[in-house]
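Student: Per our numbering, the very first residue in the sequence shown carries number 1281; after that it's consecutive.
Virtual Cβ for every residue (Gly too), placed ideally from N, Cα, C.
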Amino acid sequence: MRKDFLWGGATAANQCEGGYLEGGKGMGTVDVVPWGENRFPIMLGEMNYKDLPDDSYYPSREAIDMYHHYKEDIALFAEMGFKCYRFSLSWSRIFPTGEEDMPNEEGLKFYEEVIDELLKYNIEPVITICHFDVPLALADKYGSWKNRILIDCFVHYCDAIFRRFKGKVKYWITFNEINMLLHLPFMGAGILFEEGENINQVKYQAAHNELVASAMATRLAHEIDPECKVGCMLAAGNFYPYSCNPDDVWKAMEKDRDNYFFIDVQARGQYPAYAMKFFEREGITLNAEEEDYRILRENTVDYISFSYYSSRCATADPDILKKSTAGNVMKSIKNPYLKASDWGWQIDPLGLRITLNTLYDRYQKPLFIVENGLGAADFMEADGTVSDDYRIDYLREHIKAMMDAVDMDGVDLLGYTPWGCIDLVSASTGEMKKRYGFIYVDKDNEGNGTLKRSRKKSFYWYQKVIETNGASL
Ligand code: BG6
């Protein structure tokens, strides 16, 4: 592994920060996503948050209160030896309604303090500009990314943060899991569907607006600070054909293309031929300006970051499709060769090597694994220890696969930041019980707990991994 390999961890503002109205912050879309049975209808954009019962519980509003604990948390990351820390900024902390002329100074100052705290320990900040949260006012007023006006709002936001953090932040990521807008439109992009709307037209219009915004942000970042690197971010994990029946192979290819579509544009600078044909068939007409295509062409990303939890599986056989589903976000069928986590996410370390190779073959740009990990229900013993050997096993096997991709296949990899390095709110379920961290946080699904932080067994294990640059697993 390269000497400057960026070992670290990853979180997102909406899942750990809390302080949802402090320091002048405005409401974000994720602040109105509840825990419980209404969570999926809201995340899918099928239910309006205004119709939620008054007693709904919104886990992101306090989350793990990193807003007030960040010094303590960063000290723990430093103790593990982190070389980098990936986190996101809350857009509505900086532009409370998304449309102010001037940024909210208190919001900028908060993030500046976080960044300075990281730099104090020589931890490289890796910042996601938009990780699922859009200012709620922009969603209410314009329908979020359905409307081109969001491009200007986003670029205005980027301008404020690029200027403020110039020289301190080298790695930027524009949109977290940009392909998630196809699967969870409200969660991924603040989109709520109106009755009678052509769903695919809406989704791909929003995608176009985000892609143009991402390219404009890339251009702006390079203008303001030529040293910085801007990446895109994909919810990755290849689709395998369920069998060698060519119909299954074709189905898997189509499913992969749904996801690669975004990165094809961000990394190669143009809409792929298969997407143009898909638009034609579906009657999708993009509201685009001639200039958009030039911007996309001239401002491709510097690197490709991605999350990997699992591979996926596709079939053309309707009977098999009916019978078996895996996971809870992207539709996939169960792979009979793989075990799954308690939440049904299939575990496939070799799939990470396959994904790394596929992405590198396809784009030939540096890659960055910015999420990976096992969501599990941890148990704290009476003496305060958490023996999360299952998490260590998961990570060990994935790191081995990652190192094979680098050392044996020659993939250019910048770093590895396991997800939820400190326990946080689950994006898909809203639970605290689904934990990923090296650091345990005392809080339950209903919001009870002291918020006390404790080191798990995996904390000491990962510390050693970093110290030996992956030699000790
Ligand atoms: C990714 C997201 O989808 O997976 C994170 O970028 C999310 O925000 C992570 O938390 C794990 O998913 P979950 O549903 O287990 O929290």
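Measuring only from the beta carbon, is residue 1655 closer than 6 Å to any heavy atom that is part of ligand 1?
Tutor: Here residue 1655 refers to the residue found at position 375 when the sequence shown is read from its first residue. Residue 1655: yes, Cβ under 6 Å from ligand 1.
Student: On the DSSP letters alone, give me the boundaries of the alpha helix (DSSP H) that residue 1342 sits inside.
Tutor: Locating residue 1342 in the sequence shown gives position 62, counting from the first residue. Per DSSP, residue 1342 belongs to no alpha helix (DSSP H) and is neither H nor E.
Student: So does the segment 1492-1510 actually touch the segment 1621-1635, counting three or more Cβ pairs closer than 8 Å?
Tutor: Contact between the segment 1492-1510 and the segment 1621-1635 is absent, because fewer than three Cβ pairs lie under 8 Å.
Student: Taking 7 Å as the threshold (C-beta atoms), are residue 1332 and residue 1378 in contact?
Tutor: Along the sequence shown, read from residue 1 onward, the residue named residue 1378 stands at position 98. Along the sequence shown, read from residue 1 onward, the residue named residue 1332 stands at position 52. No, these two residues do not count as a Cβ contact at 7 Å.
Student: Applying the criterion that 16 or more other CB atoms from any shown protein chain within 10 Å of the CB defines a buried residue, is residue 1399 buried or exposed?
Tutor: Walking along the sequence shown from the start, residue 1399 turns up at place 119. The residue in question, residue 1399, is exposed, as its Cβ has fewer than 16 Cβ neighbours within 10 Å.
Student: Would you mind giving the Cβ-Cβ distance between residue 1439 and residue 1514, rounded to the nearest angstrom? I have them listed as a contact below 8 Å.
Tutor: On the sequence shown, residue 1439 is found 159 positions in, with the first residue counted as 1. On the sequence shown, residue 1514 is found 234 positions in, with the first residue counted as 1. Not really, about 25 Å apart at Cβ, beyond 8 Å.
Student: With a threshold of 6 Å (Cβ to nearest heavy atom), would residue 1355 be considered close to ligand 1?
Tutor: On the sequence shown, residue 1355 is found 75 positions in, with the first residue counted as 1. Residue 1355 Cβ: outside cutoff for every heavy atom of ligand 1.
Student: Which residue spans inside the segment 1627-1703 form an unbroken alpha helix (DSSP H) run of at least 4?
Tutor: Counting only runs of 4 or more, we get 1629-1643 and 1669-1687.
Student: Thinking residue 1405 and residue 1365 are a contact (beta carbons under 8 Å), I'd like their distance in whole angstroms, please.
Tutor: Position 125 of the sequence shown, counting from 1, holds the residue named residue 1405. Position 85 of the sequence shown, counting from 1, holds the residue named residue 1365. Indeed, because the Cβ distance is near 6 Å, the residues count as touching under 8 Å.
Student: Over what stretch of residues does the alpha helix (DSSP H) that includes residue 1513 continue unbroken?
Tutor: Along the sequence shown, read from residue 1 onward, the residue named residue 1513 stands at position 233. Looking at the DSSP string, residue 1513 is not in any alpha helix (DSSP H); the run it does join, the beta strand (DSSP E), is 1509-1515.
Student: What are the boundary residues of the alpha helix (DSSP H) that residue 1734 is part of?
Tutor: Walking along the sequence shown from the start, residue 1734 turns up at place 454. Taken as a continuous stretch (DSSP letters only), residue 1734 belongs to no alpha helix (DSSP H), being part of the beta strand (DSSP E) at 1733-1735.
Student: Can the beta-carbon of residue 1297 be found less than 7 Å from the beta-carbon of residue 1358?
Tutor: One-based indexing of the sequence shown puts residue 1297 at position 17. One-based indexing of the sequence shown puts residue 1358 at position 78. Against a cut-off of 7 Å, the Cβ pair of residue 1358 and residue 1297 comes out as no contact.
Student: Hey, how far is the Cα of residue 1341 from the Cα of residue 1316?
Tutor: Position 61 of the sequence shown holds residue 1341. Position 36 of the sequence shown holds residue 1316. Rounded to the nearest angstrom, the two C-alpha atoms are 15 Å apart.
Student: Please give the ranges of any beta strand (DSSP E) in the segment 1529-1600, keeping only runs that are unbroken, at least 3 residues long and fully inside the region.
Tutor: DSSP runs (the beta strand (DSSP E)) wholly in the segment 1529-1600: 1583-1587 and 1592-1594.
Student: Name the one or two DSSP bridge partners that residue 1730 has.
Tutor: As a position in the sequence shown, residue 1730 is number 450, starting the count at 1. Looking at the DSSP assignment, residue 1730 forms no beta bridge with any residue, so it has no partner.
Student: Would the beta-carbon of residue 1549 fall within 7 Å of that of residue 1577?
Tutor: Your numbering for residue 1549 matches position 269 in the sequence shown. Your numbering for residue 1577 matches position 297 in the sequence shown. A contact, by the Cβ cut-off of 7 Å.
Student: Just curious, the alpha helix (DSSP H) that residue 1468 is in, first and last residue?
Tutor: What you label residue 1468 is simply residue 188 of the sequence shown in a count that begins at 1. Run containing residue 1468: 1465-1469, per the alpha helix (DSSP H) assignment.
Student: Would a C-beta distance cut-off of 7 Å place residue 1353 and residue 1672 closer than the cut-off?
Tutor: Taking the first residue of the sequence shown as 1, we reach residue 1353 at position 73. Taking the first residue of the sequence shown as 1, we reach residue 1672 at position 392. No, Cβ-Cβ distance for residue 1353 and residue 1672 is not below 7 Å.
Student: Count the other C-beta atoms from every protein chain shown that fall within 10 angstroms of the C-beta of residue 1490, then say buried if there are 16 or more, exposed otherwise.
Tutor: Here residue 1490 corresponds to residue number 210 of the sequence shown, with the count starting at 1. Classification for residue 1490: buried.
Student: DSSP three-state call for residue 1406: helix, strand or coil?
Tutor: For the purposes of this step, residue 1406 is identified with residue 126 of the sequence shown, where counting begins at 1. It is a strand residue.
Student: Is there contact between the segment 1544-1560 and the segment 1468-1478, where contact requires at least three CB pairs shorter than 8 Å?
Tutor: These segments do not touch.
Student: What residue range does the alpha helix (DSSP H) around residue 1442 cover?
Tutor: For the purposes of this step, residue 1442 is taken as residue 162 along the sequence shown, with counting starting at 1. Residue 1442 -> alpha helix (DSSP H) spans 1429-1444.
Student: Using the rule of at least 16 other Cβ atoms within 10 Å of the residue's Cβ for burial, across every protein chain shown, is residue 1689 buried or exposed?
Tutor: Locating residue 1689 in the sequence shown gives position 409, where the first residue counts as 1. Exposed, since its Cβ has fewer than 16 Cβ neighbours within 10 Å.
Student: Please report the distance separating the alpha-carbon of residue 1330 from that of residue 1610.
Tutor: Taking the sequence shown and counting its residues from 1, the one referred to as residue 1330 is at position 50. Taking the sequence shown and counting its residues from 1, the one referred to as residue 1610 is at position 330. Rounded to whole angstroms, residue 1330 to residue 1610 spans 26 Å at the Cα level.
Student: Of the choices 1655, 1559 and 1546, whose alpha-carbon is the least far from that of residue 1590?
Tutor: Position 310 of the sequence shown, counting from 1, holds the residue named residue 1590. Nearest of 1655, 1559 and 1546 to residue 1590, Cα basis: 1655.
Student: Can you tell me the Cα-Cα spacing of residue 1403 and residue 1360, whole angstroms?
Tutor: The residue labelled residue 1403 in the question sits at position 123 within the sequence shown. The residue labelled residue 1360 in the question sits at position 80 within the sequence shown. Taking the straight line from one Cα to the other gives about 11 Å.
Student: Can you name, in chain order, every residue of its own chain whose Cβ lies under 8 Å from the Cβ of residue 1337, other than the five neighbours on each side?
Tutor: Taking the first residue of the sequence shown as position 1, residue 1337 is located at position 57. Contacts found: 1314, 1315, 1316, 1726 and 1727.
Student: Using only alpha-carbon positions, find the residue among 1518, 1737 and 1487 that is nearest to residue 1545.
Tutor: In the sequence shown, the residue the question calls residue 1545 occupies position 265. Comparing Cα-Cα distances from residue 1545 to each of 1518, 1737 and 1487, the minimum goes to 1487.
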